[in-house]
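In my numbering, the protein residues as written are 725 to 1165. Ideal placement from N, C-alpha and C gives every residue a C-beta, glycine not left out. Structure first, commentary second.
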C-alpha cells in the first residue's frame, strides 16, 4: 500500500490541498467546524482518514473508525501526524499516550535524529503534551545518554564557550611570569571555569517559561532554534508539501546545540539533564584541579634572569648567579684609555720641542693635548660611575622583585585555601542543580 502522496498525484492533489489548508487553519488557531466536505478517501492512503480523525478529535467527537483505518494503512505516520497537528493546534493534551511511542520510535547514537523525532522533542519540551510528554522525551533521551567519559571538553565547550584563558590569581596580578606558570595558573583557571559552569547550570535550571507560550508551538514564534524542525514545518513535509529539508543531525549534535547559550530554556534544561553525568564528572575533575598543591619551588625570569624562589626566600645560589649577570651586563669592558694617555704624553713633548728649536709659538699649543687627554679621562670616569650606580639600582630592583615574588607566593598559598573552599561549594551547588533536573510542567 502506498504511503507516498506523490504516487498518484492526480487522485491525491485535492487531498494534499485540503490537508495543507487544514494545517494553516490550525496554525492560525482556527478550530475546523467539521470534516471538510471535499475530503475524499479513494486512494487508500493514510492521510485522508488521519485528517478526518484529527478533526473529530479536536471537536471532541468519536474518532475510532477513521483512526483505525489510518493506523491500518500507516500507523507511524498517522501517530506522528496527529501528535504534531494537535500540538500545533494547542490541543496536545488530547493525544493518546501510545501515539508518542509509535511516532517517536527509538533513538540511537549511531544514526541521525529524524525531523519527526526532533519536532516531537521540541513540542514536548515546550509543554505541548503536558508533564507526561516531557517525561516521555526525557526517558527516551536517557536511554541513549552518553557516558561521563564521553568527550567532556566538548560538552563543557557547549555549556560555557569562549572561556578566557587569561584568568589569573589576584595575588599574582603584578607578577606575570609567576601567573603564567602552568602549575600556578591551572588551579586558578579550573576554579574560574567551575564557577562559570555553576552559573550556567543555575541559569538553565532556574529559567521559568511562559505556560501560555509553551502550550502551542506556532510558526510566528520568534525563537530561532525552532525554525528548521518546527512541528508545522515537519507536518507540511509529511502531507507532501514542497518544503526544503536539511540533512538530519545526530543526537549528540542536537544536545550540544541545545546546551549553547541562546538556546530555548526548555531545550537547554532537557539537554543538561541528559548531559548531567558528563557535566558532574567534569565538575569533579575541575574541583580536583583546584586542590593541586603549589610546588615547593618555582623558577621564573626576573629582570630577564632566571631565579629560583622558595617559600623561605630566593634561592641563594640562583640569586648570586643573577646578581653576577646583572653586574657583568651593567659594567661594559671599556679597555685601557690609550688615547687619553697618548694626549697627555704629547703635551710635554710639544713643549720640549718648542724650547729646543726654539719655537715659542709652538709652546702655546702644548696645553691643548693635555686638556684633551684630561677631558677623556674625566668622561671615562663619569661613565664608570654611572654604570656602577645603574648596577646598584638594578641589583636593588632584582632583590626587591624577588622578595615581592616570594610574598606573592605566600599570598597565593593563602588564596588557594579560599579557592578550594569556594570550588567545593560550587561543586555542591552544581550537583544540587543537576539533581533538580528540568521541570516536568
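From what residue to what residue does the beta strand (DSSP E) around residue 1026 run? 1022 to 1026
From the DSSP output, in three-state form, read off residue 839 for me. helix
Please classify residue 875: does DSSP put it in a helix, a strand, or coil? coil
Tell me whether the region 983 to 999 and the region 835 to 855 touch, counting them as touching only if at least three CB pairs, one residue from each stretch, are closer than 8 Å. yes
Answer with buried or exposed for residue 1102, where buried requires no fewer than 16 other C-beta atoms within 10 angstroms of its C-beta. exposed
Count the other C-beta atoms from every protein chain shown that fall within 10 angstroms of the C-beta of residue 900, then say buried if there are 16 or more, exposed otherwise. exposed
Residue 997 by DSSP, collapsed to three states: which one? helix
Per DSSP, which one or two residues make a beta bridge with residue 929? Answer by DSSP bridge pairing: none, since residue 929 is not bridged.
Could you please give me the residues that DSSP links to residue 1032 through a beta bridge? 1023
My assumption, with CB atoms under 8 Å, is that residue 921 sits in contact with residue 803. Please give the rounded CB distance. In fact, because the Cβ distance is near 39 Å, the residues do not count as touching under 8 Å.
May I ask you to report which of helix, strand or coil DSSP gives residue 1072? helix
Look at the Cβ atom of residue 864, then the Cβ atom of residue 908, and state whether they are nearer than 9 Å. no
So, residue 740 versus residue 965, is the Cβ gap smaller than 9 Å? yes
Opposite residue 1038 in the DSSP bridges: which residues? 1033
Specify, as a first and last residue, the run of the alpha helix (DSSP H) that residue 977 falls within. 975 to 983
Euclidean distance between Cα positions of residue 675 and residue 877: In the structure as shown, the chain begins at 725 and stops at 1165. Residue 675 is therefore absent and cannot be evaluated.
Measure the C-alpha to C-alpha separation of residue 822 and residue 800 and round it to an integer number of angstroms. 11 Å
By a C-beta neighbour count over all protein chains shown, 10 Å radius and 16 as the cutoff for buried, is residue 950 buried or exposed? At residue 950 the pLDDT is 43, less than 50, meaning the model places this residue with poor confidence and gives no usable figure here.
Exposed or buried, which one is residue 884 when buried takes at least 16 other CB atoms within 10 Å? buried
Enumerate in chain order the residues of its own chain whose CB-to-CB distance from residue 849 is below 6 Å, with the five nearest sequence positions on each side excluded. 990, 991, 994
Determine the burial state of residue 1150: buried for a count of at least 16 other Cβ atoms within 10 Å of its Cβ, exposed for fewer. buried
I'd like to know whether the C-beta atoms of residue 894 and residue 1139 end up nearer to each other than 9 Å. yes
Does DSSP classify residue 824 as helix, strand or coil? helix
Count the other CB atoms, across all protein chains shown, that sit within 10 Å of the CB of residue 857; report buried if there are 16 or more and exposed otherwise. buried
Straight-line Cα distance separating residue 967 from residue 750: 18 Å
At which residues does the alpha helix (DSSP H) containing residue 773 begin and terminate? 771 to 782
Buried or exposed: where does residue 963 fall if 16 or more other Cβ atoms within 10 Å of its Cβ makes it buried? buried
Alpha carbon to alpha carbon, how far is residue 1148 from residue 854? 37 Å
Buried or exposed for residue 1024, going by 16 or more other Cβ atoms inside 10 Å? buried
9 Å Cβ cutoff met for residue 997 and residue 1158: yes
For residue 1110, count neighbouring Cβ atoms within 10 angstroms of its own Cβ and tell me buried if that reaches 16, exposed if not. exposed
If we count the other Cβ atoms within 10 Å of its Cβ and call it buried at 16 or more, is residue 1037 buried or exposed? exposed
State the start and end residues of the unbroken alpha helix (DSSP H) segment that holds residue 955. 955 to 962
So, helix, strand or coil for residue 833, using DSSP? coil
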